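S.K.: Pasting a structure here, questions to come.
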Amino acid sequence: MRLDKFLANNNIGTRSQVKEYLKGGSVTVNGTICKKADTPINEDSDIICFRGNQIVYRKFIYIILNKPGDIVTATRDKKLPTVMDLIKPLPAKDLFPVGRLDRDTTGLLLICNDGELSHKLLSPKYHVDKTYLVGMERKPSMSELEALESGLDIGDDTKTLPAKAVLREDGMLLLTIHEGRYHQVKRMLEAVDNKVTSLKRISFGNLNLPDDLEEGKWRELTEDEIHEIVFSR
Ligand code: URA
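In our numbering, the protein residues as written are 1074 to 1306.
Right, dumping it as structure tokens:
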């Protein structure tokens, strides 16, 4: 990889900023100042420092965000703030959200730069579980809970796959689905003549939304969490 690309990928700056940093002698490769942007480097073995701090190369970055409402799940939007605006400083340039939560949906969103994992997590083939905490306009009946569980016509070619619907004592519904159709939870509730009043995703595959991760906050996944999510696929 070229040195300027390595620096830009690690979000040291834009390509042109990186060139300036290089010219100014801010970057060393294996202890020697390097000013040439196109210097080939081996990101696994060379020691590259910016202003004296080593840049530790990680191929993939995995972030868990507790998405607030009123934020768009996208990498950019012409008018509205996006989930990426919350990740500051961005640890890598090529991050993207894995799947989509509606603008008013809150909770667990995975953000990473691992295209293969993202593909697997979103593929209908792998049936990754997603659990939502759902507030509703009215308490569903037993038969409506059974209908949510057994599969519903929500206007698509096929019915929804079997799901798990547990009504909590506080009147909130815990709904676990294995697909990720457009507005799926809202449409499932509509199909049983109800309406979603609040929606929060609390788990995605093996990953649970940590209790101590406040809305709008994010952190990188721990090694154990990465292992769970990457190697359980
Ligand atoms: N189902 C929905 O209806 N909306 C979401 O954001 C996620 C699942």
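Backbone N, C-alpha and C define an ideal beta-carbon position, used for all residues, glycine too. Bear in mind the structure is a predicted one, so any value in this text is a computation, not a measurement.
Put VAL1171 into one of helix, strand or coil per three-state DSSP.
M.R.: Looking at VAL1171 - three-state DSSP - the assignment turns out to be coil, as it is neither helix nor strand.
S.K.: With contact counted as at least three CB pairs below 8 Å, one residue from each stretch, are the segment 1168-1182 and the segment 1148-1158 in contact?
M.R.: Yes, since at least three Cβ pairs between the segment 1168-1182 and the segment 1148-1158 fall closer than 8 Å, the two stretches touch.
S.K.: In the structure shown, what three-state DSSP assignment does TYR1094 receive?
M.R.: Residue state, collapsed to three classes: helix.
S.K.: Whose beta carbon lies closer than 6 Å to any heavy atom of the ligand URA, going through the chain in order?
M.R.: For the ligand URA, the selected residues are LEU1174, ASP1175, THR1178, HIS1256, GLN1257, VAL1258, LYS1259 and LEU1272.
S.K.: Give the secondary structure of ILE1275 by DSSP, where H, G and I count as helix, E and B as strand, and everything else as coil.
M.R.: Correct three-state label for ILE1275: strand.
S.K.: Using the Cβ count rule (16 or more neighbours within 10 Å means buried), how would you classify GLU1219?
M.R.: So GLU1219 counts as exposed.
S.K.: Excluding sequence positions up to five away, which residues of its chain have a Cβ less than 7 Å from the Cβ of MET1209?
M.R.: Once the five neighbours on either side are set aside, the close Cβ partners of MET1209 are LEU1246, LEU1262, ASN1267, LYS1268, VAL1269 and THR1270.
S.K.: Based on Cα-Cα distance, which residue from ALA1081, ILE1275, THR1233 and LYS1237 lies nearest to TYR1255?
M.R.: Checked all of ALA1081, ILE1275, THR1233 and LYS1237; the closest Cα to TYR1255 is THR1233.
S.K.: Quick one, which of LEU1294, ALA1236 and PHE1123 has its alpha-carbon nearest LEU1080's?
M.R.: Nearest C-alpha to LEU1080: PHE1123.
S.K.: With distance defined between alpha-carbon atoms, name the residue in GLN1257, LYS1259, SER1216 and GLU1293 nearest to PRO1162.
M.R.: The candidate whose alpha carbon is nearest that of PRO1162 is GLU1293.
S.K.: Under the rule that 16 or more other beta-carbon atoms within 10 Å means buried, what is ASN1139, buried or exposed?
M.R.: Under this definition ASN1139 is a buried residue.
S.K.: For ILE1238, which beta-bridge partners are listed by DSSP?
M.R.: Note on residue identity: the sequence assigns Ala, not Ile, to residue 1238. Answer is LEU1248, bridged to ALA1238.
S.K.: Give me the Cα-Cα distance between GLY1289 and ARG1131, rounded to the nearest whole angstrom.
M.R.: Each residue's alpha carbon lies about 25 Å from the other.
S.K.: Please classify GLY1253: does DSSP put it in a helix, a strand, or coil?
M.R.: Coil at GLY1253, not helix or strand.
S.K.: Go ahead and pull the three-state DSSP assignment for LYS1166.
M.R.: Here LYS1166 sits in coil by DSSP.
S.K.: Apart from the five residues just before and just after LYS1187, which ones in its own chain have a Cβ nearer than 6 Å to its Cβ?
M.R.: Checking the sequence, you will find Asp at residue 1187 rather than Lys. If we look at ASP1187 and ignore the five residues flanking it on each side, its Cβ neighbours are PHE1133.
S.K.: To the nearest angstrom, how far is the alpha carbon of LEU1194 from that of LEU1095?
M.R.: So the alpha carbons of these two residues sit roughly 39 Å apart.
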